[in-house]
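Everything below concerns the one structure shown next.
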Amino acid sequence: MAPSNGPRNGKGAKSSQRHTLKRKRVQDDLSTLTQRVEELDLKEPYKNFDNLPLSEPTASGLASSHFKTLTDIQSRAIPHALKGRDILGAAKTGSGKTLAFLIPILENLYRKQWSEHDGLGALILSPTRELAIQIFEVLRKIGRYHTFSAGLVIGGKSLKEEQERLGRMNILVCTPGRILQHLDQTSFFDTFNLQMLVMDEADRILDMGFQKSVDAIVGHLPQERQTLLFSATQTKKVSDLARLSLQDPEYVAVHEAASSATPSTLQQHYVVTPLPQKLDVLWSFIRSNLKTKTIVFLSSGKQVRFVYESFRHLQPGIPLMHLHGRQRQGGRLDITTKFSQAKQAVLFSTDIAARGLDFPAVDWVIQLDCPEDADTYIHRVGRTARYERDGRAVMLLDPSEEPGMLKRLEQKKVVVERINVKANKQHSIKDQLQNMCFKDPELKYLGQKAFISYVKSIYLQKDKEVFKLKELKLEDFASSLGLPGAPRIKFIQGDDTKERKNAARAAAYLSSDDSDGEGEKKPKKEEPQVRTKYDRMFERRNQDVLAGHYSKLINDDGTMVEPSKTAGANADADEDDDFLSVKRRFDAGDKELGGESDEEDEKKDIKVVELDGKEALVIDSKRREKLLKSKKKLLKFKGKGTKLVYDDEGNAHELYEMEDEDDFKARGDAKDQQAQFLAEETERTRVADVEDKEVDKQKRREKKEKRKARERELLAAEEAEEFMAQLPPPGGDDMSPLESEDEAPRPSKKQRMRTPESESDEEPKPKKSKQAAPKAPEQIHTLEDLESLATGLLG
Ligand code: ADP
Ligand code: MG
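Start counting the sequence shown at 0; every next residue gets the next number (numbering that gives the first Met the number 0).
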């Protein structure tokens, strides 16, 4: 990087001349670049990055990351994007879509001479945190010689910390929910200047699950902007495009004419396996592939946990990992990093890892549970056979799923070949699992949850031609999980979870005078003769879980729940509310294990609190007890209060009270009074407006003064520097300082539009870079690493 502190006593005239020369050179380079972009031939298939009109920092970033030739999608999409066109990009998994949008972002902002004063220039949306982190890492890699600031906004840490950084970011990679939170709540986070919006895995971001957030986000963004949408399964739905106000988008679909929607280097198979034998097949597969790297997809987090825990007990002889949405952010990061680095490992995962993740060198993708649709299939298998590598995929289908799923795949141009499992290689682990579940109540509990969540997910699936709950052998499935019997499940109408939970609690309260009330709630449960404290605790938790599920799923009249209309079935199963509450109860129980109190004591504490004529509130846990201390939380149960105002005599009045009608009439005709009121209010607002504008103007003026002063200081510093004709090549390390003072921020035209900035802008830049740069880690291992990434500036 360029030396930033040259001798400061150099003589003015000469340096100033050099400075002017340098500026001129930069300007000339810029206009040449701009002209080359304008002259770009959109029909020409560009092969090498060298042939594209790219800025020096981007070209260097690509070269240092060893990117030389463009992939098809890059060669087709980048020229259009450089010219500012909206793009719908579709290309198979692993074909390099990330660079196809990152390069145009860097370039378009660079040509506009975007600086920290211009605020947010580009927003990249990703459906999952993991993918956002990955995109951010690629951005950091190829953008390292740029002076833009870039941040990750994915949740997992406090809103406030993120808020402080947002004001000064040029490029943000984020998940929809979190960025929306900021757009709504962070006052100095402005997007009015935004130039580019990118959605990676666009079809996923545009589908039901994210619909509300995305619409709200788009509502915060300026209409005049460039929008790029990328996915392997691209949406062309007119309604979606209208939602994003795309302007005459260029549809760049490089593999549309291909015979298959999946990479040609991918071998795809399926095995017809009755549901109760799935785990046996998986176990046998893992045992016979100990030297490979495999991802196993399951339909819910609970399934993932059970299979992971039980296989871990069985010790297959290869590292096992698991990933699902309910893990702590830190844990999720650790796992993705570990799996990326592993040579041999098995990762059990929900569809959280189905999209976009670029784990190096995955050999196999196993779909233990049938994907919800062909698109999900395409993305799941896309975790292997990436960028010219080979890969293999196997899907396990229950006989009832086979015809329907094959039809769906065929419709999407996916060709799969049926194979059989060698009978002599298949081991049954049923007995071992039953043994383990018998000895380990924890595992049995996970098994029950897994069973219920699987059945629920099948029930909620939209495609009834594929998923036929009635044809599954559920009893056998339960016993294949090691359970003594299938938890009884029916489905009910209506879904007011809160009321149901309260009802369950009320039932607990009603039966609590019974010496062993828990037994009452679920008479079918067999009780051991001698019950320890631990037994009771475990039962209680188990029953709470099942009660929770029952209250959701079971109804005596046996009517069926409408499949969820909002979220995908799998997501729903994964994000089950119950889980959290159960987990918390268990934690409390855990603590009590070593302490004095036991279940009976806890029961004695149950009390009922009457709330202003509303339903009584049953306080049967510490968590509920805490609730009593929070006015805000109690509001939910009490309903809203009314606001009163007090007059001089101390009498309470409603905020808006009707005036005495006679008094009102005495003041004249109602119409006249209305007109007079309006006139007065209009005048008041006008005066207030003038004042506001004056204050605003004043603030802008001060801001401008400050900026100018800062620029003058920088200029003075530069004048003292030696003239540097060329930047020396940057040092070998990836974490080079972020901004060279050599490249002082040039105020751009855009600044004229800017509103007063946040105070964070006042910080002297070098200080920022000193704070962030040296800490920016190469690999993300911990939350702290992630945090420093988020503070980090590119370069
Ligand atoms: P997609 O988003 O299409 O699934 P990615 O952008 O994740 O694909 O890229 C897949 C892999 O290909 C990544 O490991 C990436 O580093 C590599 N890659 C992308 N573009 C190129 C290129 N031009 N040359 C070499 N490798 C590339
Ligand atoms: Mg991608």
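Backbone N, C-alpha and C define an ideal beta-carbon position, used for all residues, glycine too.
Closer than 7 Å: residue i CB and nearest ligand 1 heavy atom
i	result
Leu-396	no
Arg-385	yes
Phe-338	no
Leu-130	no
Phe-450	no
Asp-357	yes
Gly-93	yes
Ala-422	no
Thr-812	Residue 812 lies beyond the range of the chain shown here (0 to 794); nothing can be said about it.
Gln-233	no
Phe-66	yes
Ala-90	yes
Gln-112	no
Classification of residue i by the beta-carbon crowding that lies within 10 angstroms, buried from 16 upward
i	result
Asp-586	Unreliable positioning characterises Asp-586 in this predicted model, as indicated by a pLDDT of 31, which lies under 50. A coordinate reading is not provided.
Glu-308	buried
His-321	buried
Val-544	Confidence is the limiting factor: at Val-544 the pLDDT is only 42, short of 50, which leaves the residue's position unreliable, though a coordinate-based value still follows. Burial call: buried.
Ala-572	In this prediction, Ala-572 scores a pLDDT of 32, lower than 50, which makes its location untrustworthy; the coordinate-derived value is nonetheless stated afterwards. Under this definition Ala-572 is a buried residue.
His-116	buried
Gln-492	Residue placement at Gln-492 cannot be trusted, given a pLDDT of 39 that sits under 50; what the coordinates show is reported in the next sentence. Flag for Gln-492 reads exposed.
Glu-129	buried
Pro-402	exposed
Pro-829	The shown model of the chain, from 0 to 794, leaves out residue 829, and the question about it has no answer.
Lys-455	buried
Ile-86	buried
His-426	exposed
Asp-600	Reliability fails at Asp-600, whose pLDDT of 37 lies under 50, so the model's placement of it is uncertain and the value that follows must be treated cautiously. Exposed: under 16 other Cβ atoms inside 10 Å.
Lys-764	Below a pLDDT of 50, predicted positions are generally treated as unreliable, and Lys-764, at 35, falls in that range; the measurement from the model is reported next regardless. Classification for Lys-764: buried.
Ser-14	buried
Gln-73	buried
Phe-209	buried
Residue range of the alpha helix (DSSP H) that includes residue i
i	result
Ile-134	128-141
Glu-660	660-665
Ala-252	Taken as a continuous stretch (DSSP letters only), Ala-252 belongs to no alpha helix (DSSP H), being part of the beta strand (DSSP E) at 249-252.
Val-197	Looking at the DSSP string, Val-197 is not in any alpha helix (DSSP H); the run it does join, the beta strand (DSSP E), is 195-199.
Gly-446	440-459
Ile-123	Run containing Ile-123: none in the alpha helix (DSSP H); it sits in the beta strand (DSSP E), 121-124.
Leu-643	Not the alpha helix (DSSP H): Leu-643 falls in the beta strand (DSSP E), residues 643-645.
Glu-160	158-165
Asp-475	473-479
Lys-628	621-628
Leu-240	237-242
Lys-337	328-340
Asp-214	210-219
Boundaries (first-last residue) of the beta strand (DSSP E) holding residue i
i	result
Phe-347	344-348
His-652	651-653
Gln-225	225-230
Met-170	The question names Met, but residue 170 in the sequence shown is Ile. Where Ile-170 is concerned, the enclosing beta strand (DSSP E) stretches over 170-173.
His-321	319-322
Ala-149	149-152
Any C-beta of chain D under 8 Å from that of residue i
i	result
Asp-397	No chain D is present in this structure, which holds just one protein chain.
Closer than 7 Å: residue i CB and nearest ligand 3 heavy atom
i	result
Gln-73	Summarising the ligand content, the structure contains ligand 1 and ligand 2 and does not contain ligand 3.
Q. Among all residues, which have a Cβ less than 6 Å from at least one non-hydrogen atom of ligand 2, and in what chain order do they fall?
A. Lys-96, Thr-97, Asp-199, Gly-355
Q | Those runs of the beta strand (DSSP E) which lie wholly inside the stretch 270-317 and span at least 3 residues | A | 292-296
**Q.** Length-filtered (4 minimum) alpha helix (DSSP H) runs lying within the stretch 351-427
**A.** 373-380, 401-410
Q) Taking only runs of the alpha helix (DSSP H) that begin and end inside the stretch 19-98, which ones reach a length of at least 4 residues, in chain order? A) 55-63, 71-81
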